[in-house]
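Just so you know, the protein sequences line up as chains A and B, in that order.
Residues in the first sequence are numbered consecutively from 1, following the working numbering.
Residues in the second sequence are numbered consecutively from 1001, following the working numbering.
A virtual CB, placed ideally from N, CA and C, is assigned to each residue, including glycine.
This one's a predicted model, so the numbers in the text were calculated from it and none came from an experiment.
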Amino acid sequence: MKPAAFEYHAPRTLEEALGLLEEHQDEAKVLAGGQSLVPAMNFRLARPAVLVDIAHVPDLDRIDEADPASVTIGARVRHLDLEHNTIAGPLGSLIASTGRWVGHYPIRIRGTFGGSLAHADPAAEWCALARALDAEIHCRSTTGERTVGAGDFFEQMAFTTCLEPDELLVGVRLPRLGDSWGVGMAEFARRWGDFAIVLAVAAVERDGDSIAGARIALGGVAGGPVRAANAEALMAGRPATAETAAAAAAAAAEEVDPTGDIHGSADYRRDLVRAMVTRALDQALA
Amino acid sequence: MIGESVPRLEDRPLLRGEGRFVADISLPHQLHMRVVRSHAAHGTIESIDATGALAVPGVAAVWTGVDVSDIAPIDFRQVGADQMVPYRQPILAQERVRYVGEPVAVVFATDPYTAEDGAEAVILEVSELAPVLDTTGPLGDFDGRLDTEAYVFTEQTGDVDAAFARAEHVIEAEFGVGRHTGVPLECRGALAVHHRTTQTLEFLGAAKVPFQNRDALAAMLGLPPSRVVLREAHVGGGFGVRGELYPEDVLVALAALRLGRPVKWIEDRHEHLVAANHSRDQRHRLRVATDDSGVIEGLEVEFVSDQGAYVRTHGATVATLAAAMLPGPYRIPNYRVTGRVRLSNKTPAGTYRAPGRYESTFVRERALDAVAAELGVDRAEIRRRNLIAPTEMPFERGIDALGTAVVYDSGKYEMMLDRVLGHIDYPALTWSLAERRAAGELVGLGIGFFVEKSGLGPFAGSRVEVDPSGCVTVTTGEASVGQGFETVMAQICAETLDVGLDRISVVHGQTDQMSYGMGAFASRATVMAGTATHDASLALRQRAIEVAAEMLEANPADLELVDGAVRVAGSPTRAVSLGEVASALGPASPYADGRPGLVTEEWYLTSHMNYPYGLHAGVVALDADTGSLSIERYVIAYDIGRAINPMLVEGQIVGGAAQGFGGALFEDFSYDEIGQPQVTTFMDYLMPTAAEMPELEILLSEDAPSPLNPLGVKGAGEGGTNACGAVIAAAVDDALDRPGAVTSLPITPERLHALCRSSPATA
């Protein structure tokens, strides 16, 4: 369990980091918190010839709240800082409650938000949150910056995104949620801190006693995070009740197409989708 | 001092990062070994091409099976039998590979990274054969001549057929326990060096049974045993798994001899999960004959133990213990058991904490619950009616285990049952759980009784020596796997010599310090080495008084040993310290009289084990939506005979219970249909963490001291683990209001979810 040989770079500026990615292309991997990449390298499942450590690139560890309509989370913001964030309103509480579920405490100290998105584990909490909120993901290269919606960022193959080899994920813009929004997050894992078997992130906008719109993202049921579109459509305009939540959960269980592994068969995961969506929506409607 | 929960002497270096585990030790010019392992579950080796590996700069040598074909397979340490001999494991695969992870080649290089680069470049070609993955199915082929049933045995007592002929009820059932094992925090490791000046092979990283492994290594390598020295460093957990002699150990020792350089091997976790002994994995079929009141008249059991690909050092130990200990605390006068040790194409198996008992307690206690349900008798009451009474002690079971007759030395089982039922307020708890179930909750209680075994003989020795400064050294041939051995030995010695623990150091697991030793297994270290240390300390005390009497010109009968000094009772200024006595015993001193030094050595011999016992009771709550289970409450009563250090006993019980819950709920070495292991990292091998552990209520008792040793002590290592599977299963049945619902372990969320969906309680 020793990694294959690699070259290590610790650029001091963003330009330098992007230059290294441009130079080494497919040969290079970006190192941030290292909580997924380093184990993969130790197993020799990943064997990058070049590591570009962005630990010293300035400003990537900031949460930018200057915009009244959105919050931009720097790529290197740690899970723990998000768990204890001070972002106002439902967005802040959704980020906090989601952050609690990311790995174990030592992982949350080192692991990063941007790293989680770029790694794109199908059961990752942040990927589901980004998908639920239609996050805008800022990808930078030496030739400039492009912004990709979460729906296009994650491919439907596990651990795959639209990031080009010379691109660095620099930040993620999330819309602020006003007081008409309720949020919820539920996850089932074998043990506390394990990757989810199934997780659900929900955000529901209310219009009085009825539902104006709902966003439901699921992890653990496909190659990447998915939206439960039928369940969302079913909720729109319906009363904000537990019955609506149950109906939406049933619809979500119906529309997913999970594959099984040793921790849970496809049928079991489908049942878990129903349970997790129910719980996330119950929180969102509370 | 005995009976006090003093802090562990071991903790200071460990907590300060001053531990010396084998991975912490390096020698100049050492080579690092990396093992190339089979990727195929079963097949004939077509070729192994090491050319690429030898071309990697820094690779010093590569060996394959042909290079070590002169080395015998690893022999049995326990419970061997002639018919199992052909199934022993070679140190590198010879013609066939029989499990994924089997060593096929080794690469030696200047650093572990290069060794791994080299190992990657070795190309193994295998012509695959169909694997055997279900040992309850048809037997497979082992080597073209032998089938995969390595050993079959039957034990019986009483007249089983007559018991069934007159039985008023006969209950049949089938139960299984999954494949899991001990996973120490420290993986295995070894560092060997051949000292040419002394012609001695030194082997660091030994654990558990250094003396037996010394003898085995010497025999395999053709060296005199006195020229092989095994050394135990700090050991980060044993659990039965760590410390047995494995192929990698022999390869390291052989390489140090042949390559003329120190050779180091440190196992990684991925290797550990496919290479170190697996355990459990038994399927039992049984019939129980009872009378109308639920008294068990007869028990007939047939079981299969999935041994994996080879029979390793334990021989048939696990199956033998399962058979011998299955009747537990119940009288069961007529009992017949047939055990079948069968091979499969999985990692070979050995002992793991409560070997054979975790399995057989699950089976027996499930059977008791089935009898209770069949007859409509309360589950505690059905146990009470079958318990062996104190007046029946010593109780001869009529069968053997580990070469010794099973004779329960002492036990007050009903007293423990009453204590636990009182502690949990059984009627009130049963009522409140029924109320909660009526309100829709899935909550239930399970109880499980068991007898453990400890203190396996036949011997342990201890040498106690005082130096002229008054410092005491206790030397034994026994071993520490991190269980607090040093503290316990020091407490026993301090009790007799009345010296502070800070003056005592304990040497263990060094084969050049003692001629004989056994080791840390079978909950034997405190019973065996503790008794030897007790005896040696008493003898030393006697010797010190004799010599002091001459020095003080006093009558020995007037002397007492207080605070590390011998003094005249009633006249404390007339005293000599133990150090002064030791000073006065130089070889030429008149006091020595042919016995230089203040030193004594005693050997404790016993042909019988002793039998601690315990009772677990647990309350679980189920979540039907997800199939998750939480343990609301868990009580462990355990009779230790006498606790040297109650805190350490409780520590053993808590850690043991965590492993018991692991096997009940989380840990499972599964394989796909071609024999590829599905569980090879900690992402998939799920041991419980602190978050999954309930607060344990431990009721430690000393009701039944062992009459077999002067301290009355019994072993503590395995009682925390033993009944966890049985109790969780029983509690799940109760929660679902469905007796017999759980027939196998582990109870995964998916299985529990399916049970919940099909149970009337949740319909």
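State the Cα-Cα distance for the pair residue i and residue j, rounded to the nearest angstrom.
i: Gly-1675(B); j: Thr-1136(B); result: 16 Å
i: Leu-1561(B); j: Ile-1631(B); result: 51 Å
i: Val-1100(B); j: Arg-44(A); result: 18 Å
i: Glu-1465(B); j: Gly-1519(B); result: 21 Å
i: Ala-1767(B); j: Pro-1247(B); result: Chain B is shown from 1001 up to 1763; residue 1767(B) falls before or after that span and cannot be answered.
i: Arg-1531(B); j: Val-1407(B); result: In the sequence as displayed, the identity of residue 1531(B) is Thr instead of Arg. Their Cα atoms are separated by approximately 20 Å.
i: Val-1566(B); j: Leu-1578(B); result: 7 Å
i: Gln-25(A); j: Thr-13(A); result: 18 Å
i: Ile-1332(B); j: Gly-1656(B); result: 28 Å
i: Ala-1173(B); j: Ser-1744(B); result: 11 Å
i: Val-1371(B); j: Arg-1385(B); result: 12 Å
i: Ala-275(A); j: Ala-214(A); result: 17 Å
i: Ala-231(A); j: Asp-282(A); result: 14 Å
i: Glu-167(A); j: Thr-98(A); result: 27 Å
i: Asp-1734(B); j: Gly-1660(B); result: 20 Å
i: Asp-1498(B); j: Ala-1575(B); result: 14 Å
i: Trp-1063(B); j: Val-1107(B); result: 7 Å
i: Cys-1187(B); j: Val-1481(B); result: 12 Å
Verify the CB distance criterion: does residue i have a CB-CB separation below 9 Å to chain C?
i: Ser-1628(B); result: Judged by its chain identifiers, the structure shown contains no chain C, and its protein chains are A and B.
Any beta carbon of chain A sitting closer than 9 Å to that of residue i?
i: His-1270(B); result: yes
i: Met-1683(B); result: yes
i: Ser-1026(B); result: no
i: Leu-1686(B); result: yes
Can you list the residues of chain A that residue i reaches, using a CB-CB cut of under 8 Å?
i: His-1753(B); result: Tyr-268, Asp-271
i: Phe-1666(B); result: Arg-190, Arg-191
i: Ser-1670(B); result: Ile-262
i: Glu-1692(B); result: Arg-191, Trp-192
Does the beta carbon of residue i sit closer than 9 Å to a beta carbon anywhere in chain B?
i: Ala-75(A); result: no
i: Asp-207(A); result: no
i: Thr-278(A); result: yes
i: Trp-181(A); result: no
i: Ile-197(A); result: yes
i: Arg-108(A); result: no
i: Met-1(A); result: yes
i: Arg-44(A); result: yes
Please list, in chain order, the chain B residues whose beta carbon lies closer than 9 Å to that of residue i.
i: Ala-4(A); result: Tyr-1113, Glu-1116, Asp-1117, Glu-1120
i: Met-41(A); result: Correct list: empty, because the minimum Cβ distance to chain B is about 12 Å.
List the residues of chain A that residue i touches, going by C-beta distances under 7 Å, in chain order.
i: Glu-1750(B); result: Gly-264, Ser-265, Tyr-268
i: Gln-1678(B); result: Ile-262
For the beta strand (DSSP E) containing residue i, list its first residue and its last residue.
i: Phe-1395(B); result: 1395-1401
i: Leu-1696(B); result: 1696-1701
i: Asp-1306(B); result: 1296-1308
i: Gly-1618(B); result: 1613-1623
Residues of chain A with CB closer than 9 Å to the CB of residue i, please, in chain order.
i: Thr-1689(B); result: His-104, Arg-191, Trp-192, Gly-193
Taking residue i as the query, report the chain B residues whose CB atoms sit under 7 Å from its CB, ordered along the chain.
i: Ala-275(A); result: Asp-1625, Thr-1626
Residue i lies in the alpha helix (DSSP H); which residues open and close that run?
i: Gly-1660(B); result: 1646-1661
i: Arg-1751(B); result: 1749-1757
i: Gly-115(A); result: 113-119
i: Gly-1260(B); result: No alpha helix (DSSP H) contains Gly-1260(B), which DSSP labels as neither H nor E.
Does the beta-carbon of residue i, which I'm using as the reference point, lie nearer than 8 Å to any heavy atom of the ligand ATP?
i: Asp-1117(B); result: Because no ligand of any kind appears in the structure shown, any question about the ligand ATP cannot be addressed here.
> In the segment 1565-1611 of chain B, which residue ranges form an unbroken alpha helix (DSSP H) of at least 4 residues, counting only runs that do not cross its ends?
Replying inline: 1578-1583
> For the segment 148-214 of chain A, which segments carrying the beta strand (DSSP E) assignment without a break, of at least 3 residues, lie completely within its bounds, in sequence order?
Replying inline: Counting only runs of 3+ residues, the beta strand (DSSP E) found wholly inside the segment 148-214 of chain A occupies 168-175, 181-188, 198-207, in chain order.
> Along the chain, which unbroken stretches of the alpha helix (DSSP H) at least 4 residues long are found entirely within the segment 1173-1253 of chain B?
Replying inline: 1210-1221
> Mind pulling the alpha helix (DSSP H) runs of 4 or more residues that sit fully within the segment 57-108 of chain A?
Replying inline: 79-83, 89-99
> Whole alpha helix (DSSP H) runs in the segment 1350-1437 of chain B with 4 or more residues, listed along the chain?
Replying inline: 1357-1375, 1379-1386, 1413-1423
>> At 4 residues or longer, what runs of the alpha helix (DSSP H) sit wholly inside the segment 1457-1536 of chain B?
In response: 1485-1497
> Which whole runs of the beta strand (DSSP E) in the segment 1019-1060 of chain B are 3 residues long or more, in chain order?
Replying inline: 1031-1037, 1043-1049
> Going along the chain, which unbroken runs of the beta strand (DSSP E) with 3 or more residues stay wholly within the segment 1669-1731 of chain B?
Replying inline: 1696-1701
> Which parts of the segment 1078-1132 of chain B are runs of the beta strand (DSSP E), unbroken and 3 residues or longer, counting only runs that do not cross its ends?
Replying inline: Within the segment 1078-1132 of chain B, the complete beta strand (DSSP E) runs of at least 3 residues are 1103-1109, 1123-1128.
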